[in-house]
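*Asks:*
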Amino acid sequence: MKFTLIPASFLMLALSSLASADEVEITLKHNLDGYLSGYCLDIKGGGPDVDPANGLQSHTCYSYRGDLGTDQIFETDKFADNQLYMPEFDVCATLTGIESGATLSLAACDGSAEQSIQFSETGTLSPTADTSLCLTAGLATDQGRGGTSEHQIKSLTLLACSDDRAIFQQWRTRTQAD
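Throughout the sequence shown, residue numbering follows mature numbering (1 follows the signal peptide of the UniProt record, and there is no 0), covering -21 to -1, 1 to 157 in sequence.
1. Would you kindly check if the distance between the Cβ of Cys113 and the Cβ of Ser95 is under 9 Å?
2. Rounded to whole angstroms, what is the Cα-Cα separation between Gly90 and Leu20?
3. Find out if the Cβ-Cβ distance for the pair Ser37, Tyr18 is shorter than 9 Å.
4. Going by C-alpha distance, which of Ser16, Ala87 and Cys71 is nearest residue 202?
5. Looking at Leu135: is its Cβ nearer than 9 Å to the Cβ of Arg144?
6. Between the beta-carbon of Leu11 and the beta-carbon of Phe98, is there less than 9 Å?
7. Exposed or buried, what is Ser111 when buried is set at 16 or more other beta-carbons lying within 10 Å of its beta-carbon?
8. Could you check if Gly80 is buried or exposed, using at least 16 other CB atoms within 10 Å of its CB as the buried criterion?
9. How many Å lie between Gln51 and Cys40 at the Cα?
10. Which residue comes first and which comes last in the alpha helix (DSSP H) that contains Ile77?
11. Given a cut-off of 9 Å on the beta-carbon distance, is the pair Gln149 and Thr103 in contact?
12. If you follow the alpha helix (DSSP H) that Gln148 is in, where does it begin and where does it stop?
13. Alpha carbon to alpha carbon, how far is Lys57 from Gly76? Give it in angstroms, no decimals.
14. Just reading off the beta strand (DSSP E) that Glu2 is part of, what are its end residues?
15. So is Pro106 buried or exposed if we call it buried at 16+ other beta carbons inside 10 Å?
16. For Leu118, count neighbouring C-beta atoms within 10 Å of its own C-beta (all shown protein chains included) and say buried if the count is 16 or more, exposed if not.
17. For Ala87 and Ala72, what's the separation of their Cα atoms in angstroms?
18. With burial defined as no fewer than 16 other Cβ atoms inside 10 Å of the residue's Cβ, what is the status of Gly26: buried or exposed?
Put into structure tokens, the structure is as follows:
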């Protein structure tokens, strides 16, 4: 009897840890000028042309359609490891540097300092090597597909964390059920 309880307990623990990994989009806390559903971290390009080699941008969240966009899905259980992991592509967000002006690319997860990004309780996304820098959505807004789409795009760069920029630097997660 004792031998069957240990494996069953282990199995229950393993299954519960698998169930805790939620797929979410990472969206700005503030809607800014977004009129569909705000801005999410998003792979540049889209549809059949989505390519992780293009890196990340701020883009209209796709959850308004009823589902998360494949190129906007992150896995929550990796946040504890300071990783922004995109399971659909098996890549991690990777800073092009740990300095102001750096952007976000995507690469195979390797545990490097450029991939160690803290999602703080206040909603900032910062490199663990320098938490005075925050991932920041740009001020300017472009329309997707060369101006022909209703989807909105903003740049995404690492800048000094600032109360003046807080609405461009505070992020949260959202599931399709939100």
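Here a beta-carbon is modelled for each residue, glycine too, at the ideal position from N, C-alpha and C.
*Replies:* Result, derived from the coordinates:
1. Between Ser95 and Cys113, the CB-CB gap reaches or exceeds 9 Å.
2. Rounded to whole angstroms, Gly90 and Leu20 show a C-alpha spacing of 20 Å.
3. Their beta carbons are under 9 Å apart, which means Ser37 touches Tyr18 by this criterion.
4. The structure shown does not extend to residue 202, since the chain is modelled only from -21 to 157, so the question has no answer here.
5. For Leu135 and Arg144, no; Cβs fall outside 9 Å.
6. Inclusion of Leu11 and Phe98 in the CB contact set at 9 Å is not warranted, their separation being larger than that value.
7. By the Cβ-count criterion, Ser111 is exposed, with fewer than 16 other Cβ atoms from all chains shown falling within 10 Å of its own Cβ.
8. Exposed, by the Cβ-count rule.
9. Their backbone Cα atoms lie some 8 Å apart in a straight line.
10. Taken as a continuous stretch (DSSP letters only), Ile77 belongs to no alpha helix (DSSP H), as it is neither H nor E.
11. At a Cβ-Cβ threshold of 9 Å, Gln149 and Thr103 count as neighbours.
12. Start and end: Ala145 to Gln148.
13. Straight-line Cα distance between these residues: approximately 21 Å.
14. First-last of the beta strand (DSSP E) with Glu2: Glu2 to Leu7.
15. Pro106 sits buried, since 16 or more C-beta atoms from the chains shown fall within 10 Å of its C-beta.
16. Residue environment for Leu118: exposed (fewer than 16 other C-beta atoms within 10 angstroms of its C-beta).
17. When only Cα atoms are considered, Ala87 and Ala72 end up about 9 Å apart.
18. With fewer than 16 other Cβ atoms within 10 Å, it is exposed.
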